[in-house]
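Chemist: Got a structure for you, questions after.
Numbering (UniProt numbering), first residue to last: 1 to 289.
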């Protein structure tokens with residue numbers, strides 16, 4: 001359902017729910033304008049999204065430490081299990097970790113593969129399945145690859161055909177993800193699982209480049225957030241780690257281009273740093289101890 005720039009959906013015999021608002025994004029460097037959906041900030045749909053926030057305490061039983069470790073980044077990414085945007089180069093980004101569809105074998109792809117193997121998948125995406133570890137589209141007696149090790153273009157176009165307008169398939173896809181996530185607790189847990197997996201992989205990768213063995217989790221948390229957003233290079237982080245106050249220096253890394261993100265991370269960590277400092281990264285164990 002559309003009301004001007006506002007999009008909603010009504011499931012069979014159900015109550016309507018907000019999806020998001022049509023927004024315009026203009027690339028500052030190229031001047032190119034793109035259009036898509038968003039439910040962030042104060043856009044239409046944000047009130048619904050804010051009802052479904054990721055809170056570390058809700059997942060302490062499953063991930064006693066890691067649920068805390070990923071929370072600052074979740075806060076910076078909107079914190080909602082329903083966070084949505086379809087206007088940038090990823091074409092489709094969803095969840096409290098802002099999983100983005102443009103990266104081959106990236107967080108969105110890995111998460112969506114697992115979603116498609118859940119029992120509810122046929123209710124939401126009956127023509128998609130996972131075959132030999134890859135997402136495919138089923139058409140009559142043939143299957144079409146939707147993603148490979150080198151490209152996710154087919155899946156991107158399936159979810160969001162163009163960036164020139166908000167299409168029906170884009171709205172329907174967003175509605176399916178939102179309804180699935182709010183209706184099935186296991187779908188939300190899967191987001192948490194994949195965000196934890198992503199965070200762990202980023203710390204391990206950074207350890208190989210930066211030598212994080214023995215460093216406290218608060219420092220590693222900032223490093224992970226920088227890598228998750230991709231706002232700075234390893235060389236910038238290495239320089240910060242050599243500073244007399246490495247935690248403070250790391251919080252400034254990338255602030256020239258992403259001042260808001262750095263400020264939000266600093267605020268999120270202000271009340272969480274003490275708890276995170278209790279653990280240190282162990283290279284041999286691949287875990288915080």
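Each residue gets a CB set at the ideal place from its N, CA and C atoms; glycine is no exception.
From the DSSP output, which residues share a beta bridge with residue 198?
Modeler: Residue 198 pairs with nothing; no bridge assigned.
Chemist: Can we count residue 225 as close to the ligand HEM, meaning its CB is less than 7 Å from some heavy atom?
Modeler: The ligand HEM is not part of the structure shown, which contains no ligands of any sort.
Chemist: So, at 7 Å on beta carbons, what are the nonlocal neighbours of residue 145 in its own chain, with the 5 sequence-adjacent residues on each side left out?
Modeler: So the qualifying residues of the chain are 134, 136, 154.
Chemist: Do you know offhand how far residue 101's Cα is from residue 159's?
Modeler: Whole-angstrom Cα-Cα distance: 9 Å.
Chemist: Residues bridged to residue 296 by DSSP?
Modeler: The question about residue 296 has no answer, for the chain in this structure spans 1 to 289.
Chemist: For residue 67, does the three-state DSSP call read helix, strand or coil?
Modeler: Looking at residue 67 - three-state DSSP - the assignment turns out to be helix.
Chemist: With DSSP run on the structure shown, which of helix, strand or coil describes residue 254?
Modeler: Residue state, collapsed to three classes: coil.
Chemist: Using 8 Å as the Cβ pair cut-off and three pairs as the minimum, do the segment 185-200 and the segment 29-44 touch?
Modeler: The segment 185-200 is not in contact with the segment 29-44.
Chemist: Can you give me the Cβ contacts of residue 74 inside the same chain, cut-off strictly under 6 Å, excluding the 5 residues immediately before and after it?
Modeler: Closer than 6 Å at Cβ, skipping near neighbours: 54, 96.
Chemist: Does the Cβ of residue 171 have 16 or more other Cβ atoms within 10 Å, making it buried, or fewer, making it exposed?
Modeler: Counting Cβ neighbours within 10 Å, residue 171 comes out buried, since at least 16 surround it.
Chemist: Who are the near neighbours of residue 266 in its chain, counting only those whose CB is closer than 7 Å to its CB and skipping five residues on each side?
Modeler: Taken in chain order, the residues that qualify are 251.
Chemist: Roughly how many angstroms lie between the CA atoms of residue 123 and residue 12, to the nearest whole one?
Modeler: For residue 123 and residue 12, the distance between alpha carbons rounds to 12 Å.
Chemist: Does the beta-carbon of residue 39 have 16 or more other beta-carbons within 10 angstroms, so that it is buried, or is it exposed?
Modeler: By the neighbour-count rule (16 or more Cβ atoms within 10 Å), residue 39 is buried.
Chemist: Could you tell me the boundaries of the alpha helix (DSSP H) in which residue 290 lies?
Modeler: The structure shown does not extend to residue 290, since the chain is modelled only from 1 through 289, so no value can be given for it.
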